[in-house]
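Worksheet for the structure shown next.
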Amino acid sequence: MPPDGTTARLAHHFPDALTQEHAARLGMWIFLATEILLFTALFTAYSLYRYLFPETFHEASRFVDTHIGLANTAVLITSSLTAALGLHSARRGLGKRAAGLLLATLALGATFMVLKGFEYHHHFVTGQLPGRYYSFAGLVAPGAAMFFTVYFLMTGLHGLHVLVGMGVLGWMAVRAWRGEFSEAYHTPVELGALYWHLVDLIWIFLFPLLYLI
Amino acid sequence: MPTETTVSDATPSGRRHGAGRYLVVWVGLLALTALTYLARRAEVPEPWHLVVALAIATTKASLVALFFMHLWEHAGAARLTVLTAVAFAALLIGLVLLDSATRFPYANPPRTGAWRGRPGALRVPAPPAREPGP
Numbered sequence: 001m002p003p004d005g006t007t008a009r010l011a012h013h014f015p016d017a018l019t020q021e022h023a024a025r026l027g028m029w030i031f032l033a034t035e036i037l038l039f040t041a042l043f044t045a046y047s048l049y050r051y052l053f054p055e056t057f058h059e060a061s062r063f064v065d066t067h068i069g070l071a072n073t074a075v076l077i078t079s080s081l082t083a084a085l086g087l088h089s090a091r092r093g094l095g096k097r098a099a100g101l102l103l104a105t106l107a108l109g110a111t112f113m114v115l116k117g118f119e120y121h122h123h124f125v126t127g128q129l130p131g132r133y134y135s136f137a138g139l140v141a142p143g144a145a146m147f148f149t150v151y152f153l154m155t156g157l158h159g160l161h162v163l164v165g166m167g168v169l170g171w172m173a174v175r176a177w178r179g180e181f182s183e184a185y186h187t188p189v190e191l192g193a194l195y196w197h198l199v200d201l202i203w204i205f206l207f208p209l210l211y212l213i
Numbered sequence: 214m215p216t217e218t219t220v221s222d223a224t225p226s227g228r229r230h231g232a233g234r235y236l237v238v239w240v241g242l243l244a245l246t247a248l249t250y251l252a253r254r255a256e257v258p259e260p261w262h263l264v265v266a267l268a269i270a271t272t273k274a275s276l277v278a279l280f281f282m283h284l285w286e287h288a289g290a291a292r293l294t295v296l297t298a299v300a301f302a303a304l305l306i307g308l309v310l311l312d313s314a315t316r317f318p319y320a321n322p323p324r325t326g327a328w329r330g331r332p333g334a335l336r337v338p339a340p341p342a343r344e345p346g347p
């Protein structure tokens, strides 16, 4: 991409840069829609098991640390802010500031993963594990293992998305530092930020369902 | 040829605006997070605690989608795409739950309450001994 930040290279099947940009954004939104449906499948599993074992799921959520969950929620919400501000700076051609904000987003994502690691470690040592590995004696009831199966599947898949988002934004930070983005061309940062906001969106639903109720 | 617009006014990515709205949305999201935590502490009665939690989560998600993801500015296909995804999600979860809720008796596992066992006791205890009947 041209470092003077004039415009993106126009692919031959688009009549102009504006159409190309709209197509890129719509393509990203279609991908995000598929990601929403991917997590919907896991939310469906959660909903079904919650319906079948309501008291067990309510009781099991007490064994997931609400304060770490609150902290992680604040971390991800703030990381969405820094990602949005990073795009804002990239659009104005402020490459170094954009790179700094995108790296801040990445650092907050890493903080999220570290806190999640502490949580997982606690679950491992207490035996709160999925399916056949469940051995926690503090909650013995039908459906107890299914809560932690759903918990690990959903937070694990979400954590994978956080790692992918961190990689994407890291690469965008490098390009922003090199001054490749401007008002006329900032599509990669915009699309990467959209992915990161989706990661935050998913956590916004995961947090109350797994931790609070 | 597309309509030429000056960079200082409307742009292909939407009208220019300051970064202030992001900070306002951020504060709103943190406030809603605190609210959902307080609603949990307030022990909202059964089934409403789920409704309250989902309503707050949907509000937060809408703020993120509209302002951080710029759906407020980009009318058209992007909004339609995400609304379609949400519609199908509601359909999937709604119909699966409807199926389970309307099954014949004894078609679902028993909805026994949760209870805490003794440390090390993972097996469901044997049912109490019954007098041998006639």
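In order, the protein sequence lines correspond to chains D and A.
For the first sequence, position 137 (counting from the first letter as 1) is numbered 137 according to the working numbering, and the numbering increases by one without interruption.
In the working numbering, each residue carries its 1-based index in the second sequence increased by 213.
Backbone N, C-alpha and C fix where the C-beta goes; we use that ideal spot for every residue, glycine too.
Note that the structure is a prediction, hence the values are computed from the model and not measured.
Closer than 8 Å to chain D by CB, residue i
{"i": "residue 288(A)", "result": "no"}
{"i": "residue 326(A)", "result": "Low confidence applies to residue 326(A): its pLDDT is 47, below 50, so where it sits in the model is not reliable enough to give any reading."}
{"i": "residue 239(A)", "result": "yes"}
Contact list for residue i against chain D, beta-carbon separation under 8 Å
{"i": "residue 261(A)", "result": "Ordered by position in chain D, no residue passes the 8 Å Cβ test against residue 261(A), which lies about 10 Å from the chain."}
Nearest candidate by alpha-carbon position, reference residue i, set the options
{"i": "residue 276(A)", "options": "321(A), 319(A) and 237(A)", "result": "237(A)"}
{"i": "residue 153(D)", "options": "90(D), 112(D), 175(D) and 129(D)", "result": "129(D)"}
{"i": "residue 294(A)", "options": "27(D), 174(D) and 17(D)", "result": "27(D)"}
{"i": "residue 200(D)", "options": "234(A), 282(A), 311(A) and 290(A)", "result": "282(A)"}
{"i": "residue 147(D)", "options": "195(D), 209(D) and 89(D)", "result": "209(D)"}
{"i": "residue 123(D)", "options": "104(D), 64(D), 183(D) and 57(D)", "result": "64(D)"}
{"i": "residue 108(D)", "options": "96(D), 170(D) and 135(D)", "result": "170(D)"}
{"i": "residue 196(D)", "options": "182(D), 175(D), 211(D) and 161(D)", "result": "161(D)"}
{"i": "residue 277(D)", "options": "94(D), 149(D) and 61(D)", "result": "Since the first residue shown for chain D is 1 and the last is 213, residue 277(D) is missing from the structure and cannot be characterised."}
{"i": "residue 297(A)", "options": "24(D), 150(D) and 34(D)", "result": "34(D)"}
{"i": "residue 291(A)", "options": "56(D), 22(D) and 83(D)", "result": "22(D)"}
{"i": "residue 131(D)", "options": "66(D), 121(D) and 149(D)", "result": "149(D)"}
{"i": "residue 323(A)", "options": "81(D), 82(D), 141(D) and 101(D)", "result": "141(D)"}
Proximal residues of chain D, C-beta to C-beta of residue i below 9 Å
{"i": "residue 322(A)", "result": "52, 53, 142 and 143"}
{"i": "residue 317(A)", "result": "Correct list: empty, because the minimum Cβ distance to chain D is about 15 Å."}
Residue i beta carbon near the ligand SAH (any heavy atom closer than 7 Å)
{"i": "residue 90(D)", "result": "Questions concerning the ligand SAH fall outside what the structure shown contains, since it holds no ligand whatsoever."}
CB contact check: residue i to chain A, cutoff 8 Å
{"i": "residue 65(D)", "result": "no"}
{"i": "residue 208(D)", "result": "yes"}
{"i": "residue 80(D)", "result": "yes"}
{"i": "residue 14(D)", "result": "no"}
{"i": "residue 10(D)", "result": "no"}
{"i": "residue 153(D)", "result": "no"}
{"i": "residue 71(D)", "result": "no"}
{"i": "residue 43(D)", "result": "yes"}
{"i": "residue 122(D)", "result": "no"}
{"i": "residue 36(D)", "result": "yes"}
{"i": "residue 88(D)", "result": "yes"}
Within chain A, the residues that residue i reaches when beta carbons sit closer than 8 Å
{"i": "residue 74(D)", "result": "243 and 246"}
{"i": "residue 30(D)", "result": "294"}
{"i": "residue 68(D)", "result": "Chain A residues near residue 68(D): none, gap ~13 Å exceeds 8 Å."}
Contacts of residue i in chain A (Cβ-Cβ under 7 Å)
{"i": "residue 33(D)", "result": "294, 295, 297 and 298"}
{"i": "residue 84(D)", "result": "235 and 281"}
Report the residues of the segment 286-311 of chain A with a CB closer than 8 Å to any CB of chain D, ordered along the chain. Cβ contacts with chain D: 287, 290, 291, 294, 295, 297, 298, 299, 301, 302, 305, 306, 309 and 310.
In chain order, what residues of the segment 90-112 of chain D put their CB closer than 8 Å to some CB of chain A? Within the segment 90-112 of chain D, the residues whose Cβ lies closer than 8 Å to any Cβ of chain A are, in chain order, 91.
Using a Cβ-Cβ cut-off of less than 8 Å, give me the residues of the segment 255-279 of chain A that come near chain D, in sequence order. Going along the segment 255-279 of chain A in chain order, one finds 262, 263, 266, 267, 269, 270, 273, 274, 277 and 278 with a Cβ nearer than 8 Å to chain D.
If you measure beta-carbon to beta-carbon, which residues of the segment 193-205 of chain D are closer than 7 Å to chain A? Cβ contacts with chain A come from 194, 197, 200, 201, 204 and 205.
What residues from the segment 15-26 of chain D come within 9 Å of chain A, judged by C-beta to C-beta, listed N to C? The segment 15-26 of chain D vs chain A, Cβ under 9 Å: 15, 16, 17, 18, 19, 21, 22, 25 and 26.
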